Amino acid sequence: MSRRAATISQADVARVVRAAKQSGAECVEVRQDGTITILLKSPALALADEDAFEKWERENESAKAARRRHS
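If you read the sequence shown in the numbering used here, its first letter stands for residue 9, the second for the next number, and so on.
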């Protein structure tokens, strides 16, 4: 059985791993067919005391009050 040509070189793998580390990747997977999968860290969810509607209401409250004054 003869050896086949490499789909991806060792230098390519090294470049991918280095770039993934710099970008903060959690995991790099290189498959035999040359497919490279980079798993990035999930963004930290900000804990908010208010939901989206409350935030919208707070941001638009001053506009609502201004409309009432001019009516």
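Beta carbons are placed, not taken as given, at the ideal position from N, Cα and C, and that holds for glycine. Bear in mind that the values here come from a model prediction, so they are computed numbers and not experimental data.
Cβ-Cβ distance between residue i and residue j below 8 Å
i: Glu34; j: Leu48; result: yes
i: Thr15; j: Gly42; result: yes
Inter-residue CB distance, residue i and residue j (contact presumed, cutoff 8 Å)
i: Ile46; j: Ala28; result: 5 Å
### Touching by the beta-carbon criterion (3+ pairs, under 8 Å), the stretch 15-25 and the stretch 33-48
The stretch 15-25 is in contact with the stretch 33-48.
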